[in-house]
Amino acid sequence: LLVPVRDAQALADALEELIADAEQRQTMGKAGRKLVETHYSEAQFIARSLALYEEVAP
2 LLVPVRDAQA LADALEELIA DAEQRQTMGK AGRKLVETHY SEAQFIARSL ALYEEVAP
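Under the numbering used here, the first residue of the sequence shown carries the number 2, and numbering increases by one thereafter.
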């Protein structure tokens with residue numbers, strides 16, 4: 002959900018739209034899960050950790 006900062010009414014409106022749209026909720030849920038699986042997997046964590054270690058202690 003993207004809404005203007007500190008705009009409570011825009012947030013409320015966006016949430017009401019999301020509550021009313023089961024398909025959009027499912028789509029967003031699947032996209033969120035894919036993002037986490039892609040960018041925060043064990044393999045990604047290890048790769049980023051190794052890159053960091055190599056950067057600070059070559």
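For every residue, glycine included, the Cβ atom is placed at its ideal position computed from N, Cα and C.
Out of the options, state which residue places its alpha-carbon closest to the alpha-carbon of residue i.
i   : options         : result
L16 : Y54, A52 and L3 : L3
My assumption, with CB atoms under 8 Å, is that residue i sits in contact with residue j. Please give the rounded CB distance.
i   : j   : result
Q25 : L19 : 6 Å
*Note down, one range per segment and in chain order, each alpha helix (DSSP H) of at least 4 residues found wholly within the stretch 7-39.*
9-21
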